[in-house]
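Here the UniProt record's numbering is used: position 129 in the sequence shown is 129, and no number is missing along the way.
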Amino acid sequence: MEAVLNFLLLLSVTGGLFKNGHCSNEDVRLRIVEANQARLGQFPFMAYLVEDYRGTKTHLCGGTVISNNFILTAAHCVIYHDGPTIPVSRLKVYLGSVYRESGNIYNVQSTVAHPKYRLLKYHEDFSPSSEFDVALIKTTQPIEFSKEKVEPVFVAKSVVYLAGSSCVTPGWGGNKGIGTNPTRLLFGVTYPYQFSQCAKIYQAAGVKLNPNTHMCFFNPEKPKQQPCYGDSGGPVVCSRRGLPNMLYGITTFGLYDDLCGVGTASVPFVYTNTAGPLYQWIDTNCEKCLSRQPFN
Numbered sequence: 001m002e003a004v005l006n007f008l009l010l011l012s013v014t015g016g017l018f019k020n021g022h023c024s025n026e027d028v029r030l031r032i033v034e035a036n037q038a039r040l041g042q043f044p045f046m047a048y049l050v051e052d053y054r055g056t057k058t059h060l061c062g063g064t065v066i067s068n069n070f071i072l073t074a075a076h077c078v079i080y081h082d083g084p085t086i087p088v089s090r091l092k093v094y095l096g097s098v099y100r101e102s103g104n105i106y107n108v109q110s111t112v113a114h115p116k117y118r119l120l121k122y123h124e125d126f127s128p129s130s131e132f133d134v135a136l137i138k139t140t141q142p143i144e145f146s147k148e149k150v151e152p153v154f155v156a157k158s159v160v161y162l163a164g165s166s167c168v169t170p171g172w173g174g175n176k177g178i179g180t181n182p183t184r185l186l187f188g189v190t191y192p193y194q195f196s197q198c199a200k201i202y203q204a205a206g207v208k209l210n211p212n213t214h215m216c217f218f219n220p221e222k223p224k225q226q227p228c229y230g231d232s233g234g235p236v237v238c239s240r241r242g243l244p245n246m247l248y249g250i251t252t253f254g255l256y257d258d259l260c261g262v263g264t265a266s267v268p269f270v271y272t273n274t275a276g277p278l279y280q281w282i283d284t285n286c287e288k289c290l291s292r293q294p295f296n
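Right under this line is the structure:
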């Protein structure tokens, strides 16, 4: 039971056509800086999701622009911890800025989470997992694309091009723990991690991973450069020379003792695998927006 309690979902702290058939292709490998502060235009697909309740705004999660009407995020970003879906009237999406609550604001028309998603349960009778942690947010008005500021990202259909890629995980999550969310977008550098080895590590903590819905990433040279609270729902985007940037997963969870760069375990982080069977669910529920991506 103790091992199970050391496992923590990275919870939030509380279809249109492509314009000119274009997706963001900023080379994420060549723009990595030591400070890990994102510059404007580096991640034009990045979305900032907040809950606005009676004028009080609460940071929820990150997300990713995949078409001019849809944002891809994690299911636990649009569902309260106790079960009900967050009312769309309370959701706001910010696009086009590296600063929190800045840029263009979009209201939300609807959200849809994968029907098989289930929240984590901490109980000796349950094996904790966070399978099918994927959701789509549809904006009430079409998203206006502008070069470098707001552009969709390609969503990988398979992992065939993942080997040898360099990846990044941008987000506004805390850099020291809960309540320390930065005002500026940050990012970490990471790499694909062998799933079988990752599954063994998490199995030892009482967590069963599913290769169809999970994938792992890790940076052995900078093991503390991991996502933190509030980074949920954001993307892991990978690049290989000669290929466009590709989204492979959604930030989901890690081991509690290793979150936010304060742990000593130095273990890989787990992401929802969007480049497997879930790709088809995403495409169906974003009105076939992925089928219209030029690369696919």
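Idealized CB from N, CA, C, for every residue including glycine.
Computed from a predicted structure; not experimentally measured.
Three-state secondary structure (DSSP) at N274?
Position 274 of the sequence shown, counting from 1, holds the residue named residue 274. Note on identity: in this sequence residue 274 is Thr, with Asn being the wrong assignment. Coil at T274, not helix or strand.
Three-state secondary structure (DSSP) at Q226?
For the purposes of this step, residue 226 is taken as the residue at position 226 of the sequence shown. DSSP places Q226 in coil when its eight states are reduced to three.
From F154, F187, T274, pick the residue whose C-alpha is nearest to that of W172; which is it?
Here residue 172 is taken as the residue at index 172 of the sequence shown, counted from 1. Taking only the C-alpha atoms, the option nearest W172 is F187.
Below 8 Å on the Cβ atoms is my guess for Y106 versus A75; work out the distance and round it to an integer in Å.
Taking the sequence shown and counting its residues from 1, the one referred to as residue 106 is at position 106. Taking the sequence shown and counting its residues from 1, the one referred to as residue 75 is at position 75. Rounded, the Cβ-Cβ distance is 20 Å, inconsistent with contact.
Check V88 in the structure and name its three-state DSSP category.
Counted from its first residue, the sequence shown places residue 88 at position 88. The answer is helix: DSSP assigns V88 an H, G or I state.
Going by beta carbon distance, what residues of the same chain come within less than 6 Å of C198, once the five residues before and after it are set aside?
Taking the sequence shown and counting its residues from 1, the one referred to as residue 198 is at position 198. So the list reads C216, P268, once near-sequence residues are dropped.
What is the rounded straight-line gap between the Cα of G230 and the Cα of G63?
Mapped onto the sequence shown, residue 230 falls at position 230. Mapped onto the sequence shown, residue 63 falls at position 63. Between G230 and G63, the C-alpha separation is close to 11 Å.
Suppose you measure from the CA of L290 to the CA of V155; what does that come to, to the nearest Å?
Translated into the one-based positions of the sequence shown, residue 290 becomes position 290. Translated into the one-based positions of the sequence shown, residue 155 becomes position 155. Here the C-alpha atom of L290 lies approximately 7 Å from the C-alpha atom of V155.
Would you call the stretch 134-152 and the stretch 100-114 touching, i.e. three or more CB-CB distances under 8 Å?
yes
Rounded to the nearest angstrom, what separates F45 and L243 at their Cα positions?
The count along the sequence shown starts at 1 and reaches residue 45 at position 45. The count along the sequence shown starts at 1 and reaches residue 243 at position 243. Spanning the two alpha carbons is a distance of roughly 17 Å.
Among the candidates G254, I71, R240, T213, whose CA atom is the shortest distance from the CA of A205?
As a position in the sequence shown, residue 205 is number 205, starting the count at 1. When only C-alpha atoms are compared, the closest one is G254.
By DSSP, does F218 sit in helix, in strand, or in coil?
In the sequence shown, residue 218 corresponds to position 218, counting from 1. In the structure shown, F218 sits in a strand (DSSP, three-state: E or B).
For D283, count the other beta carbons within 10 Å of its own beta carbon; 16 or more makes it buried, fewer makes it exposed. Which is it?
Your numbering for residue 283 matches position 283 in the sequence shown. Here D283 is buried, its C-beta having at least 16 other C-beta atoms within 10 Å.
Consult DSSP for T284 and reduce its assignment to one of helix, strand or coil.
The count along the sequence shown starts at 1 and reaches residue 284 at position 284. Looking at T284 - three-state DSSP - the assignment turns out to be helix.
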